[in-house]
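Undergrad: Here it is, the structure, as structure tokens.
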Amino acid sequence: MIDSPASSGSPKDQLESYSEASDDALEKASRLSFGRLIPMVVLAIGLATAFYLDLHHYLTFETLQQNRTAILEWKHENYTVSTLFYVIAYGLATAISIPGAIWLTIAGGFMFGTLKGGVLVVFGATLGATIIFLAARFAFADFFHAKCGAMIQKMEAGFQENAFSYLLVLRFVPLFPFWLVNLVPAFLGVSTRTFVITTFIGIMPGTFVYASLGHGLGHIIDQGGMPDLATIWAPEILLPLLGLALLALVPVLYRKFKK
């Protein structure tokens with residue numbers, strides 16, 4: 107009878123062998139954990155770089171107003187490139203959760219009009235949200251399940267039962283910050299398919315309202331006007347503002363009827 111590797115040698119040799127194997131496993135797990143963090147580290151570096159370069163300070167109406175002619179000329183001369191650039195830029199801004207990204211939505215309507223601008227925003231925002239969702243799930247989902255197993259499993263079971271409806275409501279009704287709704291589902295076992303579909307559909311109402319506001323502001327500037335108090339009563343501004351007011355009431359109505 108030939109002894110197996112596990113049963114051969116003295117107990118001391120076997121103990122040393124098991125110890126070495128354990129050390130190798132721990133080292134491998136450590137490398138794996140670090141590797142899982144890389145996507146989130148990259149996003150964090152991106153956010154830090156954006157702050158260092160003060161990019162969020164450029165996400166203002168003044169920037170759009172002062173550079174509208176140059177932006178539109180570049181768009182007309184490089185239509186395909188500008189379209190792709192806008193979607194990618196919006197996706198990256200969403201992925202790193204840079205403050206003031208709402209002005210990018212307004213810029214979409216400002217540059218491309220309500221319909222096309224809104225569509226580009228929906229694609230860009232969904233792309234960016236999916237990136238951070240996948241990065242967070244890859245980096246931290248196993249960690250949270252290991253540390254908070256019973257609690258996470260209970261939350262996961264309740265959430266997954268109606269995951270599509272819950273996520274759609276969270277997108278339609280802005281009860282929580284956009285970045286938070288991107289992260290939490292990553293820890294609750296929500297499928298990528300469900301996340302992408304609910305994000306794509308759920309952000310449409312708010313997106314088109316803001317894009318319409320941007321288009322209205324651009325139209326007024328093109329007519330030689332400057333936004334002031336009288337501008338509010340222009341239909342292209344008033345209607346989007348009414349839409350924003352209705353969106354702001356949605357969380358209030360939701361909480362009231364939920365009671």
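Residue numbering for the sequence shown follows this note's numbering, starting at 107 and increasing by one per position. In this text, a Cβ means the ideal position worked out from N, Cα and C, and glycines have one as well.
Please classify valine 187: is it buried, with 16 or more other beta-carbons within 10 angstroms of its beta-carbon, or exposed?
TA: With fewer than 16 other Cβ atoms within 10 Å, it is exposed.
Undergrad: Considering only their Cβ atoms, is the gap separating alanine 242 from alanine 292 smaller than 8 Å?
TA: Cβ atoms of alanine 292 and alanine 242: closer than 8 Å.
Undergrad: In the DSSP assignment, the alpha helix (DSSP H) including serine 271 goes from what residue to what residue?
TA: Element bounds for serine 271: 269-278.
Undergrad: The alpha helix (DSSP H) spanning serine 297 covers which residue range?
TA: Neither: serine 297 is in no alpha helix (DSSP H) and is coded neither H nor E.
Undergrad: May I have the straight-line CA-CA distance separating valine 366 from glycine 312, to the nearest angstrom?
TA: Look at the range of the chain in this structure, 107 to 365, and you will see that residue 366 is not part of it.
Undergrad: Any contact between the stretch 198-215 and the stretch 274-282? By contact I mean 3 or more CB pairs, one from each, below 8 Å.
TA: The stretch 198-215, when compared against the stretch 274-282, does not touch it at the 8 Å Cβ threshold.
Undergrad: Going by the beta-carbon positions, is the gap between valine 227 and tyrosine 196 smaller than 8 Å?
TA: Yes. Within cutoff.
Undergrad: Of the residues His325, Ser318, Gly308 and His182, which one's Cα is nearest the Cα of tyrosine 272?
TA: Among His325, Ser318, Gly308 and His182, the Cα nearest to that of tyrosine 272 belongs to Gly308.
Undergrad: Relative to the alpha-carbon of valine 315, which residue among Gly219, Phe157, Tyr164 and Gly349 has its alpha-carbon at the smallest distance?
TA: Here the closest residue by C-alpha is Gly349.
Undergrad: I believe alanine 245 touches leucine 143 by the beta-carbon criterion, under 8 Å. Please report the beta-carbon distance rounded to the nearest angstrom.
TA: Rounded, the Cβ-Cβ distance is 5 Å, consistent with contact.
Undergrad: Rounded to whole angstroms, what is the Cα-Cα separation between leucine 198 and isoleucine 238?
TA: Computed Cα separation, rounded: 10 Å.
Undergrad: Determine the extent of the alpha helix (DSSP H) in which serine 188 is found, giving its start and end residues.
TA: 185-201 is the extent of the alpha helix (DSSP H) around serine 188.
Undergrad: Where does the unbroken alpha helix (DSSP H) through phenylalanine 218 begin, and where does it stop?
TA: Unbroken alpha helix (DSSP H) run through phenylalanine 218: 208-218.
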